[in-house]
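Undergrad: Numbering (our numbering), first residue to last: 154 to 206. Have a look at this one.
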Amino acid sequence: ADPYRWLEELDSQETRRWIDAQNVVTNAYLAQVEDRPAIQAQLARLWNYERFG
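Structure, rendered in structure tokens:
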């Protein structure tokens with residue numbers, strides 16, 4: 154059995170609370186990464202390419 158199956162219910166308040174709590178932890182960690190602006194800029198450049206279809 155999948156203990157995280159309940160997270161597939163995207164409209165659930167419980168799922169929303171879990172996501173919000175995870176985002177708090179993640180954003181706190183990422184805020185401490187000194188090179189984050191440079192990494193973001195590099196990723197933006199790499200993702201900026203012509204797309205077809």
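The beta-carbon is built from N, C-alpha and C at its ideal position, and this holds for glycine as well.
Report the three-state DSSP secondary structure of Q195 (helix, strand or coil).
TA: Indexing the sequence shown from 1 puts residue 195 at position 42. Q195: helix per DSSP, three-state reduction.
Undergrad: What three-state label does DSSP hand E167 in the structure shown?
TA: Working through the sequence shown from its first residue, we reach residue 167 at position 14. Correct three-state label for E167: helix.
Undergrad: Who are the Cβ neighbours of I172 in its own chain at under 7 Å, not counting the five residues just before and after it?
TA: Position 19 of the sequence shown, counting from 1, holds the residue named residue 172. Once the five neighbours on either side are set aside, I172 has no close Cβ partner at all.
Undergrad: Express the C-alpha separation of R170 and E187 in angstroms, rounding to a whole number.
TA: The count along the sequence shown starts at 1 and reaches residue 187 at position 34. The count along the sequence shown starts at 1 and reaches residue 170 at position 17. About 28 Å.
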